[in-house]
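Engineer: Attaching a single structure in structure tokens format; questions to follow.
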Amino acid sequence: MTGFLDLRQTIQRLEEAGELHRISAEVDWDRELGAVTRKALEQKGPALLFEAIKGYRTGRCMRLVTSILASEARLRQVLGFPKNASNKDLVRHVLETNRKAIPPVQVDTGPVKQNIVTGEKIDLFEFPVPRWHPLEGGRYINTFASIVTRDPDTGVMNVGVYRGMISTKKSISVLLVKGGQHWGRHFQKYADRGQPMPVACVIGWDPMMDFIAGSPIAPGMCEYDVMGAYRGEPVQLIKCETSDLEVPASPEIVIEGFISADPSTFEMEGPFGEATGHISDIPALRPAIQVSCVTHRDNPIFRGTLEGTLPGSTSENGFMATIQRSASAWNILEGAGIPGIVDVVCTPITVGVNIVVQIRKAYQGQPKQIAAALWGNSASQYKYKNVIVVEEEIDPTSWEQIDWALAFRVNAGEGGITVFPGIFGSVLDPSTPLRDRDVDQLGCAQWNRVLIDATRNWTFERRKEWNDERFPPTVRLDPLDEARVLARWDEFGFPKSNQ
Ligand SMILES: Cc1cc2nc3c(=O)[nH]c(=O)nc-3n(C[C@H](O)[C@H](O)[C@H](O)COP(=O)(O)O)c2cc1C
1 MTGFLDLRQT
11 IQRLEEAGEL
21 HRISAEVDWD
31 RELGAVTRKA
41 LEQKGPALLF
51 EAIKGYRTGR
61 CMRLVTSILA
71 SEARLRQVLG
81 FPKNASNKDL
91 VRHVLETNRK
101 AIPPVQVDTG
111 PVKQNIVTGE
121 KIDLFEFPVP
131 RWHPLEGGRY
141 INTFASIVTR
151 DPDTGVMNVG
161 VYRGMISTKK
171 SISVLLVKGG
181 QHWGRHFQKY
191 ADRGQPMPVA
201 CVIGWDPMMD
211 FIAGSPIAPG
221 MCEYDVMGAY
231 RGEPVQLIKC
241 ETSDLEVPAS
251 PEIVIEGFIS
261 ADPSTFEMEG
271 PFGEATGHIS
281 DIPALRPAIQ
291 VSCVTHRDNP
301 IFRGTLEGTL
311 PGSTSENGFM
321 ATIQRSASAW
331 NILEGAGIPG
341 IVDVVCTPIT
351 VGVNIVVQIR
361 KAYQGQPKQI
371 AAALWGNSAS
381 QYKYKNVIVV
391 EEEIDPTSWE
401 QIDWALAFRV
411 NAGEGGITVF
421 PGIFGSVLDP
431 STPLRDRDVD
441 QLGCAQWNRV
451 LIDATRNWTF
461 ERRKEWNDER
471 FPPTVRLDPL
481 DEARVLARWD
491 EFGFPKSNQ
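And the structure:
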């Protein structure tokens, strides 16, 4: 894959591929835009470019694009893979490229500096930010914003996707978890120094940025370097106006600001229609970005995403998670030196909360070692709550096959189920009682995680009658019988095509 694309080039490519739908009828940013997006997701539809948003037919920003990554085909296009590439090929590509680096280069200026808005002229309500869902506490401006922060000790920048709601015309309240998330670690370091943390929210650029920013790239590694490795060329960065942070030169919009750890500066945030498909939590006073500057291209296009996977309608985050979260897990397992990993699969619907690991079983304790490695890694903060391990003969992309393994390979009383209670986990999970999501009390939410070992149990006795195996043979056809009956298939009155 060569070369970065800005958002406009991406839109053009999607349109040429028949993967973009323009909506020129007027749509209300309040509820309606989110509802149209949800219906289109349910229909497994294209990316959407809203060109007539109520109240935004004129002004600073008049268009919004969404759902660019909300399909396997579009995600493969962004990653430079053919539509029919296998899960394993994509996951291995992402795993390997996440370890590579092409450092960025600095440039003097770029299109995002075409408009520079500071002081009292800043008004976030000038952007057509949706209230994506009626129960949301406000207008979420940061859904697919890639947020840049810098480690004050090492100087290395981090880029992550973190939600944020317009609180006032010059501030954005955010969900800022101090534990695992990398901006949270930076935030703690600035707090220890008694300084506010500079941030820059980059909205609308090469979709690779959202893909990488939403991925758990190793701490200390800069996402800009990794993005360079994916595109085979350095990201061109320019300096922010009000801090020493650096952002790409050609995104649509950059929002600069500072977040203080002083609770007197906190503002109300939430609830948000979260990745879990549920409304997130109880609104609370949370840290807020005090916006110091907005820069944007002429006639910018706002970029956002509808969060929340539901049966029958998943999200951009869900599709990203299939690849990223599988790659991240496989990387953890490789790093832990666990042999025999054949494939790793997260489906779009659970955004990486459930994971299936397919192995060539080498020893009885291998599935537990897999779960322990995943749960011990900070990348599992929001992910890998439920781990299923299957053997090579079970296709981990097929729920029919997994279901069969769950039925006939799992014995809950014989080590088939292992619960690891009270380990760190997600504040967002509605199946976790609020008392276990009390970050003020616990520092981080607590999860009860489960391993379902759907491999054959090696503590069972081998039996001569079963070819010295621990499980009886299956009723799968003997290959000789199969070949014989297929050779005579039409003789039995079946059409040849049914073979
Ligand atoms: C649309 C979207 C919204 C997200 N919102 C949040 C959020 O509000 N808070 C959070 O901690 N992580 C959120 N995430 C997950 C992080 O982006 C992800 O864990 C990423 O690895 C964080 O980057 P980091 O590893 O550099 O901290 C979101 C991801 C996506 C794709």
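Quick note: the sequence shown, position 113, residue 113 per my numbering, numbers continuous. Glycine included, C-beta positions come from ideal geometry on N, C-alpha and C. Note that this is a predicted model, so its numbers are computed, not measured.
(1) Which runs of the alpha helix (DSSP H), 4 residues or longer, sit entirely within the stretch 412–454?
(2) In the DSSP assignment, the alpha helix (DSSP H) including VAL78 goes from what residue to what residue?
(3) Go through the stretch 68–155 residue by residue and report every complete run of the beta strand (DSSP E) that reaches 3 residues or more, in order.
(4) Can you tell me whether GLU269 is buried or exposed? The criterion is at least 16 other CB atoms within 10 Å of its CB, across all chains shown.
(5) Decide if TRP183 is buried, meaning its Cβ has at least 16 other Cβ atoms within 10 Å, or exposed.
(6) Consult DSSP for GLY164 and reduce its assignment to one of helix, strand or coil.
(7) Considering Cα atoms alone, identify which of LEU333, GLY352, THR474 is closest to ARG325.
(8) Which of the three DSSP states, helix, strand or coil, is assigned to SER280?
(9) Using the three-state DSSP reduction, which class does ILE332 fall into: helix, strand or coil?
(10) Using 7 Å as the cut-off, classify the Cβ of LEU175 as near or not near the heavy atoms of ligand 1, replying yes or no.
(11) Would you please state the rounded distance, in angstroms, between the beta carbons of ARG22 and LEU49? I believe it to be under 8 Å.
(12) Does the Cβ of HIS278 lie closer than 7 Å to at least one heavy atom of ligand 1?
(13) To the nearest angstrom, report how far apart CYS61 and GLU51 are at their CA atoms.
(14) Which value, in whole angstroms, describes the spacing of the CA atoms of PRO300 and VAL357?
(15) Quick one: is the Cβ of THR305 within less than 7 Å of any heavy atom of ligand 1?
(16) Which residues in the same chain as ALA483 place their Cβ atom closer than 8 Å to its Cβ, once the five residues preceding and following it in sequence are excluded?
(17) Here's the rule I'm using: 16 or more other beta-carbon atoms within 10 Å means buried, otherwise exposed. How should ASN331 be labelled?
(18) Say the cut is 7 Å; is the CB of VAL161 nearer than that to a heavy atom of ligand 1?
(19) Using a threshold of 8 Å, state whether the C-beta atoms of GLN381 and PHE424 are closer than that.
(20) Within 7 Å: the Cβ of THR143 and any heavy atom of ligand 1?
(21) When you measure from the CB of TYR382 to every non-hydrogen atom of ligand 1, does any distance come out below 7 Å?
(22) Is LYS169 helix, strand or coil by DSSP?
(23) CA-CA distance, ILE341 and ALA288?
(24) Just to confirm, are PRO271 and SER260 a CB contact at a threshold of 8 Å?
(25) State buried or exposed for LYS170, treating a residue as buried only when at least 16 other CB atoms are found within 10 Å of its CB.
(26) How would you write the range of the alpha helix (DSSP H) that ALA35 sits in, first residue to last?
(27) Reducing DSSP to helix, strand and coil, say where GLU274 ends up.
(28) State the Cα-Cα distance for the pair PRO219 and ALA25, rounded to the nearest angstrom.
(29) Buried or exposed for LEU477, going by 16 or more other Cβ atoms inside 10 Å?
(30) What residues in its chain sit with their C-beta under 6 Å from that of LYS39, if we drop five residues either side in the sequence?
(31) Using the C-alpha atoms, what's the distance from ALA17 back to ARG185?
(32) What is the DSSP secondary structure of VAL202, counted as helix, strand or coil?
(33) Leaving out five residues before and five after PRO134 in sequence, what residues of the same chain have Cβ atoms less than 8 Å from its Cβ?
(34) Considering only residues of the stretch 217–279, which uninterrupted alpha helix (DSSP H) runs meet the minimum length of 4 residues and lie entirely inside it, listed in chain order?
(35) Can you tell me whether LEU434 is buried or exposed, with buried defined as 16 or more other CB within 10 angstroms of its CB?
(36) Could you name the residues of the same chain whose beta carbon sits closer than 7 Å to that of PRO196, not counting the 5 residues immediately before and after it, in chain order?
Structural biologist: Taking the geometry as given:
(1) Given a length threshold of 4 residues, each whole run of the alpha helix (DSSP H) inside the stretch 412–454 is given here in chain order: 439–442.
(2) 72–78 is the extent of the alpha helix (DSSP H) around VAL78.
(3) Listed in chain order, the complete beta strand (DSSP E) runs (minimum 3 residues) inside the stretch 68–155 are 115–118, 140–142, 146–150.
(4) Within 10 angstroms of the beta-carbon of GLU269 lie 16 or more other beta-carbons, which makes it buried.
(5) With 16 or more other Cβ atoms within 10 Å, it is buried.
(6) It is a strand residue.
(7) Checked all of LEU333, GLY352, THR474; the closest Cα to ARG325 is GLY352.
(8) Here SER280 sits in coil by DSSP.
(9) Helix.
(10) At least one heavy atom of ligand 1 is nearer than 7 Å to the Cβ of LEU175, so yes.
(11) Sure, about 5 Å apart at Cβ, within 8 Å.
(12) Checking every heavy atom of ligand 1 against the Cβ of HIS278, none is found closer than 7 Å.
(13) Separation of CYS61 and GLU51 (C-alpha to C-alpha, rounded to the nearest whole angstrom) is 10 Å.
(14) PRO300 and VAL357 have their C-alpha atoms some 43 Å from each other.
(15) Placement of the Cβ of THR305 at a distance of less than 7 Å from at least one heavy atom of ligand 1 is found.
(16) Nothing meets the Cβ criterion.
(17) By the neighbour-count rule (16 or more Cβ atoms within 10 Å), ASN331 is buried.
(18) Yes.
(19) Taking 8 Å as the cut-off, the beta carbon of GLN381 is found closer than this to the beta carbon of PHE424.
(20) Yes; taking the cut-off as 7 Å, the Cβ of THR143 has a heavy atom of ligand 1 nearer than that.
(21) A heavy atom of ligand 1 is found nearer than 7 Å to the CB of TYR382.
(22) If DSSP states are grouped into helix, strand and coil, LYS169 belongs with coil.
(23) Spanning the two alpha carbons is a distance of roughly 42 Å.
(24) No; because the gap between Cβ atoms is not below 8 Å, this pair is not in contact.
(25) That one is buried.
(26) 32–42 is the extent of the alpha helix (DSSP H) around ALA35.
(27) Correct three-state label for GLU274: coil.
(28) Between PRO219 and ALA25, the C-alpha separation is close to 44 Å.
(29) Exposed, by the Cβ-count rule.
(30) So the list is empty, once near-sequence residues are dropped.
(31) Roughly 41 Å between the two C-alpha positions.
(32) In the structure shown, VAL202 sits in a strand (DSSP, three-state: E or B).
(33) Same-chain partners within the cutoff: ARG31.
(34) Annotation note: the stretch 217–279 contains the following uninterrupted alpha helix (DSSP H) runs of length 4 or greater, listed N- to C-terminal: 223–231.
(35) By the neighbour-count criterion, in which a residue is buried when 16 or more other Cβ atoms sit within 10 angstroms of its Cβ, LEU434 is exposed.
(36) A distance below 7 Å between beta-carbons, with the five flanking residues on each side excluded, links PRO196 to the following residues of its chain, in chain order: TYR190, PHE258, ILE259, SER260.
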